[in-house]
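Written out below as structure tokens is the structure these notes cover.
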Amino acid sequence: MQTIVKGIDQINRVVTWVVVILLATMSVVVFAQVIYRFVLEAPLTWSEEVARYLMVWITFLGASLGVRNKALIGMEVAVGLLPPVLKRAAINLVSLITFCFLLVVLYYGIKMTGVTARQFSPAMQIPMSWPYLAVPVGAVLMLMNTVAVNLERWGGQR
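Per the numbering used here, the sequence shown starts with residue 277, numbered consecutively.
Structure below.
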């Protein structure tokens, strides 16, 4: 079990750097758009689209890191008021529901990515499957991190 968790954490380190690079790229693109639009008075036609698609990727990849670090919104106060037995049951139920929900997101994300493969973005003319691919990739990463969190909880680590 510990090997699985360590492997997932290695993947998360890579994902963290990808998010950092995407965020830096998005910042540069938005800054360039402001300069081109208001200083040079020659707006870039592709910058808004790039920034939007980078934000989608950052959101889904970042959400997977949030799952691993238990940084997503939760009802900790309500769960904390429960007796230990019910608290464990509630946490396990929420984990199961989350896992099932992410499987549904993965299924429809793959389906949606396939449907949009023949559509192209207006400004950059890239296949729309590229931005939509963030949904199944993020779902897979969130599933992996959900597994890691539960393995640690059941194993008594972290």
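For glycine and all other residues, C-beta sits at the position ideal for the given N, C-alpha and C.
Residue i, buried or exposed, once every other Cβ within 10 Å from all chains shown has been counted against 16
i: Y329; result: buried
i: V381; result: buried
i: R313; result: exposed
i: S340; result: buried
i: W333; result: buried
i: I284; result: buried
i: V290; result: exposed
i: Y384; result: exposed
i: V281; result: buried
i: S303; result: exposed
i: R344; result: buried
i: A347; result: exposed
i: T389; result: buried
i: L316; result: exposed
i: L358; result: exposed
Expected contact under 8 Å - CB spacing of residue i and residue j to nearest Å
i: M418; j: I287; result: 12 Å between Cβ atoms; not a contact.
i: V353; j: K363; result: Actually they are not in contact, since the Cβ atoms of V353 and K363 sit about 12 Å apart, beyond 8 Å.
i: S371; j: E325; result: No, S371 and E325 are not in contact; Cβ-Cβ is about 37 Å, not under 8 Å.
Beta-carbon proximity check, residue i vs residue j, cutoff 7 Å
i: M400; j: T392; result: no
i: P412; j: I373; result: no
i: V295; j: A327; result: no
i: Q268; j: L298; result: Nothing can be reported for residue 268: it is not among the residues displayed for the chain, which extend from 277 to 434.
i: L378; j: A415; result: yes
i: M277; j: L427; result: yes
i: F375; j: T335; result: no
Delimiting residues of the alpha helix (DSSP H) encompassing residue i
i: L341; result: 323-344
i: T279; result: 278-310
i: P319; result: That residue, P319, is in no alpha helix (DSSP H); it is neither H nor E in DSSP.
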